[in-house]
Amino acid sequence: MTNTINALKAAKVQIGTLWFDVENPPAWPTNVATNRKFVEDMANVAINAGYKIGIYTGAYAWNTICGSSYTSYSSYPLWWANYNKKADLTTGWKNFGGWTKATIHQYDQNHSANGLIFDPNVK
């Protein structure tokens, strides 16, 4: 993470929020304490470097990777991954990880329009 921060600063990249992607549980260790420490270490480097952070995840991924009782990042914005095909912030929402609402909702993936493939989101 430190190398990434240094590269961003060296390139004078302007970032509003640095989002941490916490998904795909099979790619993570099964020990939630290890996963929590990894997220904390990355987030702390970014925060200490002066960046705003947010978390990109869904309920299943967060609960599996970090544990359902882990609420340490609920004060940061949530980019909610839930492919329910509903372009709003509330349909299908259930509180998790201490979050009571999402800031952004990715409601589908691999969407196609005008020859482009993208993941649609609503804010």
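Residue numbers (my numbering): 13 to 135.
Positions of the beta carbon are idealized from the N, C-alpha and C atoms, including for glycine.
Could you say which of the options lies nearest to residue i if we only look at CA atoms?
| i | options | result |
| --- | --- | --- |
| Tyr88 | Ala73, Thr103, Asp100 and Tyr63 | Tyr63 |
| Ala45 | Phe32, Asn75, Asn122 and Thr16 | Asn75 |
| Pro37 | Ala55, Ile67, Cys78 and Asn107 | Cys78 |
| His123 | Ala99, Trp105 and Lys113 | Ala99 |
| Tyr72 | Ile59, Asp53, Lys106 and Pro41 | Lys106 |
Give me, in chain order, the residues of the same chain whose beta-carbon lies closer than 6 Å to that of residue i; leave out the 5 immediate sequence neighbours on both sides.
| i | result |
| --- | --- |
| His117 | Trp92, Leu101 and Val134 |
| Asp33 | Tyr68 |
Could you please give the first and the last residue of the uninterrupted beta strand (DSSP E) stretch that includes residue i?
| i | result |
| --- | --- |
| Leu128 | Leu128 to Phe130 |
| Ile67 | Ile65 to Thr69 |
| Phe32 | Leu30 to Asp33 |
| Ala93 | Leu90 to Ala93 |
| Ile116 | Ile116 to Gln118 |
| Ser124 | His123 to Ala125 |
Could you tell me whether the Cβ atoms of residue i and residue j are closer together than 7 Å?
| i | j | result |
| --- | --- | --- |
| Gly70 | Asn94 | yes |
| Val57 | Met13 | yes |
| Ala61 | Ile17 | yes |
Which residues bound the alpha helix (DSSP H) around residue i?
| i | result |
| --- | --- |
| Ile17 | Thr14 to Ala22 |
Going by beta carbon distance, what residues of the same chain come within less than 7 Å of residue i, once the five residues before and after it are set aside?
| i | result |
| --- | --- |
| Ser86 | Gly109, Gly110 and Trp111 |
| Ile65 | Thr29, Leu30, Phe32, Ala55, Ala58, Ile59 and Tyr88 |
Is residue i helix, strand or coil by DSSP?
| i | result |
| --- | --- |
| Val51 | helix |
Relative to the ligand MN, is the shortest distance from any of its heavy atoms to the C-beta of residue i smaller than 6 Å?
| i | result |
| --- | --- |
| Gly127 | Of the ligands one can find in the structure shown there are none, so the ligand MN has no counterpart to examine. |
Who are the Cβ neighbours of residue i in its own chain at under 8 Å, not counting the five residues just before and after it?
| i | result |
| --- | --- |
| Ile129 | Asn122 and His123 |
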